[in-house]
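Residue numbers (my numbering), protein chains in the order written: chain A, 665 to 920; chain B, 665 to 920.
A virtual CB, placed ideally from N, CA and C, is assigned to each residue, including glycine.
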DNA sequence: ATTTAATCTTGATCTATATCAATGGCAGTT
DNA sequence: AACTGCCATTGATATAGATCAAGATTAAAT
């Protein structure tokens, strides 16, 4: 997707509509004190579940998680957000937010009030389209994720997660080979629907196979080909050992 | 949410924008031969993955499943559709459909071309809002579903599915107590991420507990309270026996 | 600087559910 | 009426990954 250079309708001084998601910083005229632009710290909440819906946001820097609450009180992370993501689209449904958004590190957002947004939609086909596209993209993303939950085992889901993160960073001009996880292992486990112990084990396993290198939150992908194989259902012989096989190997090692 | 009686902008002769989702049949002036209205048979495909996106649809009668295809070739059902559902929203993302839609029984849809839709969005705040609301609703629905996949066991997921179906039918003025499943057990299993054998076993189990009655595709809910308990994580004592316990009971029965 | 609290890793065991296998019923076709 | 294919049920077994338990490491707070 190419980046257009001609002027585009914009919703705030920081954002134009020219990039592939929704928002792009216009570096030539950054005004640091624009009312629509705000900085948050790690663990800050952008909005909580049930809060009234009066604006959508574009993540400009940092990262965030969005989660929904089960009746049981269990928190389920539904996605992680990176710069240029649209946030708050869940609010159109019934006028209040279904999700809550918590920042994972120091981050900044552009805020677009509903009134302005509606005006912009009337006046600009481009903005209408970008908004619908953003929501549609989120929907498709979630469908793909659902697919992975239902059809992949833990190793595949984790590999898929790492590869997805990698391309997220790459798409944003950062390194897709080495990056820092902004979320805890608990968050990853919650998101991928597995126990934190499983995440930990799989990460060290991938490391032992020389597929990745993990040092705290820092991940380095050493072998994309193998990492991809982990999720392409290339099962015989599977790259990663199953828990059972590992167990047997352990016993054999001890006996020998 | 109240139903407005004043005239509303409409996209086709069959649809106004007055109900809570998007579409409502205007019974006073049905024109049977409107070009936007089409009938499909069971197993017909509305559109397939990769097909160009040129319209959205509103399901008027019948039911459909939408599915995405994994690299592995595996089909994953991402949702079931019932009358008044908006279909085709996945296409805004990149101009072609990510999903494919297959009807589960004789069904009819209203078709709204993209050109008309865009015109309508410019002219009507109500239509802008309904469309965004529809997408947001789909997004929230999927988030909730994701939550259930990650946090519920098979029995809970199936109970949740049945209760959801029940309220879908109830919301549409049909019986929430007795209804026919339009999908196969294979579809249910695929959607809920479990083996077909598990679906079958759980259904007979729920029947043995006098919570539901199943006869082929016909489901009758006998005890909503108990069915709800199945998913409220009211675990001690859990209503449904685990596979292990069943197995033990079987053995004990045989010994005795 | 020391305490306290998160966070992460690794090992051992348990169990929910997939998988394998067999059978029965029903709908469409010849 | 017999054949074929799909759909559903039920039983026996295997296993991926959860859970339980214990430490180790790092970060935050006093």
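Other residues of its chain near residue 831 of chain A: CB distance less than 8 Å, five sequence neighbours each side excluded: Working through the first chain from its first residue, we reach residue 831 of chain A at position 167. Hits under 8 Å: 840.
Against chain A, does residue 847 of chain B count as a neighbour if the rule is that its beta carbon must be under 8 Å from one of theirs? Along the second chain, read from residue 1 onward, the residue named residue 847 of chain B stands at position 183. Taking CB atoms only, residue 847 of chain B has no neighbour in chain A less than 8 Å away.
Which of the three DSSP states, helix, strand or coil, is assigned to residue 702 of chain B? Here the question's residue 702 of chain B lines up with position 38 in the second chain. Correct three-state label for residue 702 of chain B: strand.
Helix, strand or coil at residue 871 of chain A [DSSP, three-state]: Position 207 of the first chain, counted from the start, is the residue given in the question as residue 871 of chain A. In the three-state DSSP reduction, residue 871 of chain A falls in the helix class (H, G or I).
Can you find the residues in the same chain that come closer than 7 Å, C-beta to C-beta, to residue 702 of chain B, ignoring five residues on each side of it along the sequence? Taking the second chain and counting its residues from 1, the one referred to as residue 702 of chain B is at position 38. So the qualifying residues of the chain are 772, 773, 775.
Tell me, please, whether the CB atom of residue 888 of chain A is closer than 8 Å to any CB atom in chain B? Here residue 888 of chain A is taken as the residue at index 224 of the first chain, counted from 1. Taking Cβ atoms only, chain B never reaches closer than 8 Å to residue 888 of chain A, which makes this a no.
Tell me the rounded alpha-carbon separation between residue 859 of chain A and residue 810 of chain A. Position 195 of the first chain, counting from 1, holds the residue named residue 859 of chain A. Position 146 of the first chain, counting from 1, holds the residue named residue 810 of chain A. Cα to Cα, residue 859 of chain A sits roughly 18 Å from residue 810 of chain A.
How would you call residue 836 of chain B, buried or exposed, if buried means at least 16 neighbouring beta carbons within 10 angstroms? In the second chain, the residue the question calls residue 836 of chain B occupies position 172. By the neighbour-count criterion, in which 16 or more other beta carbons inside 10 Å mark a residue as buried, residue 836 of chain B falls on the exposed side.
Residue 740 of chain A: first and last residue of the uninterrupted beta strand (DSSP E) it sits in: Along the first chain, one-based indexing puts residue 740 of chain A at 76. For residue 740 of chain A, the enclosing beta strand (DSSP E) starts and ends at 739 to 745.
I'd like to know whether the C-beta of residue 779 of chain A is nearer than 8 Å to at least one C-beta of chain B. Numbered from 1 along the first chain, position 115 holds the residue referred to as residue 779 of chain A. It does not; no Cβ of chain B falls within 8 Å.
Among A/740, A/736, A/709, A/852, whose alpha-carbon lies nearest the alpha-carbon of residue 751 of chain A? Residue mapping note: residue 751 of chain A aligns to position 87 of the first chain, counting from 1. In terms of CA proximity to residue 751 of chain A, A/709 leads the group A/740, A/736, A/709, A/852.
According to the Cβ coordinates, are residue 845 of chain A and residue 881 of chain A closer than 8 Å? Sequence index remark: in the first chain, residue 845 of chain A carries index 181 (1-based). Sequence index remark: in the first chain, residue 881 of chain A carries index 217 (1-based). Yes. Within cutoff.
Does DSSP classify residue 717 of chain B as helix, strand or coil? Here residue 717 of chain B corresponds to residue number 53 of the second chain, with the count starting at 1. Three-state result, residue 717 of chain B: coil.
Establish whether the CB of residue 806 of chain B and some CB of chain A are separated by less than 8 Å. For this step, residue 806 of chain B is matched to residue 142 along the second chain. Judged by the 8 Å Cβ criterion, residue 806 of chain B is in contact with chain A.
In this structure, does DSSP put residue 859 of chain B in helix, strand or coil? As a working note, residue 859 of chain B is residue 195 in the second chain. The answer is coil: DSSP assigns residue 859 of chain B none of H, G, I, E or B.
Quick check on DSSP: helix, strand or coil for residue 762 of chain B? Along the second chain, one-based indexing puts residue 762 of chain B at 98. The answer is coil: DSSP assigns residue 762 of chain B none of H, G, I, E or B.
Would you say residue 831 of chain B reaches chain A, if we count a Cβ-Cβ gap shorter than 8 Å as a contact? As a working mapping, residue 831 of chain B is identified with position 167 in the second chain. When Cβ-Cβ separations below 8 Å define contact, residue 831 of chain B makes no contact with chain A.
By the three-class DSSP mapping on this structure, what secondary structure does residue 750 of chain B have? Locating residue 750 of chain B in the second chain gives position 86, where the first residue counts as 1. Looking at residue 750 of chain B - three-state DSSP - the assignment turns out to be strand.
Contact with chain B by residue 811 of chain A, beta-carbon distance below 8 Å: Locating residue 811 of chain A in the first chain gives position 147, counting from the first residue. Judged by the 8 Å Cβ criterion, residue 811 of chain A is in contact with chain B.
Find the residues of chain B that neighbour residue 790 of chain A, judging by a C-beta separation of less than 9 Å, and give them in chain order. As a working note, residue 790 of chain A is residue 126 in the first chain. Contact annotation for residue 790 of chain A against chain B: no contact, minimum CB-CB distance about 12 Å [criterion: below 9 Å].
Give a single yes or no on whether residue 756 of chain B has its beta carbon closer than 7 Å to a heavy atom of the ligand GTP. Absence of the ligand GTP from the depicted structure is noted, as is the absence of any ligand whatsoever, leaving it without description.
Please report the distance separating the alpha-carbon of residue 815 of chain A from that of residue 857 of chain B. Mapped onto the first chain, residue 815 of chain A falls at position 151. Mapped onto the second chain, residue 857 of chain B falls at position 193. Roughly 7 Å separates the two Cα atoms.
Tell me the rounded alpha-carbon separation between residue 711 of chain A and residue 823 of chain A. Along the first chain, read from residue 1 onward, the residue named residue 711 of chain A stands at position 47. Along the first chain, read from residue 1 onward, the residue named residue 823 of chain A stands at position 159. So the alpha carbons of these two residues sit roughly 31 Å apart.
Quick check: the region 743 to 759 of chain A against the region 716 to 723 of chain A, are at least 3 beta-carbon pairs closer than 8 Å? Touching, yes.
Hey, is the region 775 to 786 of chain B in contact with the region 724 to 732 of chain A, meaning 3+ C-beta pairs nearer than 8 Å? No, because fewer than three Cβ pairs between the region 775 to 786 of chain B and the region 724 to 732 of chain A fall closer than 8 Å, the two stretches do not touch.
Mind listing the chain B neighbours of residue 742 of chain A? Cutoff is C-beta to C-beta under 8 Å, in chain order. The residue given as residue 742 of chain A occupies position 78 in the first chain. Correct list: 807, 810, 811.
Residues in the region 867 to 894 of chain A having any Cβ partner in chain B nearer than 8 Å: Answer set for the region 867 to 894 of chain A: empty.
Tell me which residue opens and which closes the beta strand (DSSP E) that residue 879 of chain A is part of. Taking the first chain and counting its residues from 1, one reaches residue 879 of chain A at position 215. Note, residue 879 of chain A: beta strand (DSSP E), 876 to 879.
What number of angstroms, rounded off, separates the C-alpha of residue 795 of chain A from the C-alpha of residue 875 of chain B? Position 131 of the first chain holds residue 795 of chain A. Position 211 of the second chain holds residue 875 of chain B. Distance between the alpha carbons of residue 795 of chain A and residue 875 of chain B is about 44 Å.
Spatial neighbours of residue 747 of chain B within its chain, please: CB distance less than 7 Å, with the 5 preceding and 5 following residues excluded, ordered by chain position. The sequence position of residue 747 of chain B within the second chain is 83, counting from 1. Only 723, 724, 725, 836 meet the Cβ criterion.
Which whole-angstrom value is the C-beta distance of residue 799 of chain A and residue 799 of chain B, which I expect to be below 8 Å? By one-based count along the first chain, residue 799 of chain A stands at place 135. By one-based count along the second chain, residue 799 of chain B stands at place 135. Residue 799 of chain A to residue 799 of chain B, Cβ: 4 Å. Contact.
8 Å contact criterion, which residue 852 of chain B and residue 863 of chain B should meet: CB distance rounded: The residue given as residue 852 of chain B occupies position 188 in the second chain. The residue given as residue 863 of chain B occupies position 199 in the second chain. Yes, residue 852 of chain B and residue 863 of chain B are in contact; Cβ-Cβ is about 5 Å, under 8 Å.
Please work out which residues of its chain come closer than 8 Å, Cβ to Cβ, to residue 871 of chain A, disregarding the five sequence neighbours upstream and downstream, and give them in chain order. On the first chain, residue 871 of chain A is found 207 positions in, with the first residue counted as 1. Same-chain partners within the cutoff: 877, 878.
Is residue 850 of chain A buried or exposed, if buried means 16 or more other CB atoms sit within 10 Å of its CB? For the purposes of this step, residue 850 of chain A is taken as residue 186 along the first chain, with counting starting at 1. Exposed, by the Cβ-count rule.
Measuring only between beta-carbons, confirm whether residue 800 of chain B sits less than 8 Å from chain A. Reading the second chain from its first residue, position 136 is the one you call residue 800 of chain B. Yes, because at least one Cβ of chain A sits closer than 8 Å to the Cβ of residue 800 of chain B.
Could you compute how far the alpha carbon of residue 854 of chain B sits from the alpha carbon of residue 764 of chain A? One-based indexing of the second chain puts residue 854 of chain B at position 190. One-based indexing of the first chain puts residue 764 of chain A at position 100. Each residue's alpha carbon lies about 29 Å from the other.
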